[in-house]
Amino acid sequence: MAMAVLTHEMAFARKVGTRLIFMEHGHITVDGPSADTRDAPRNRRLRDCLQHVEDSLTHAVTRFSQHFRRAV
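Residues 11 to 82 in my numbering are what the sequence shown spells out, letter by letter.
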């Protein structure tokens with residue numbers, strides 16, 4: 011059985027995905043095993059996208075931990 015899921019939720023995609031497809035302007039530019047494609051992306055736009063997601067998560071965790079420390 012196969013299922014296609016379109017998502018911008020990277021944590022969910024990492025958990026359930028076995029294949030990563032990255033599209034730009036309606037065209038598939040990357041298609042491969044999710045672990046290989048995600049961990050060592052050769053496509054610059056995919057690399058930038060993944061870095062942006064990682065930076066956003068790091069920022070969110072930092073803000074949450076700062077808020078939590080002040081509340082305690």
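Heads up, the beta-carbon is just placed ideally off N, CA and C, and yes, glycines get one too.
Host beta strand (DSSP E) of residue i (start-end)
i: Thr-39; result: 37 to 43
i: Met-33; result: 29 to 34
Alpha helix (DSSP H) segment containing residue i, residue limits
i: Arg-24; result: 20 to 26
When the options are compared against residue i, the one with the closest alpha-carbon
i: Ser-44; options: Arg-80, Arg-24, Gln-76; result: Arg-24
i: His-37; options: Ser-75, Arg-80, Arg-55; result: Arg-55
Straight-line Cα distance separating residue j from residue i
i: Thr-39; j: Arg-73; result: 34 Å
i: Ala-12; j: Val-26; result: 12 Å
i: Asp-46; j: Ala-21; result: 16 Å
i: Asn-53; j: His-77; result: 36 Å
beta-carbon residue i near the ligand SAM non-hydrogen atom, thresh 7 Å
i: Asp-46; result: Summarising the ligand content, the structure contains no ligands, and the ligand SAM is consequently not present.
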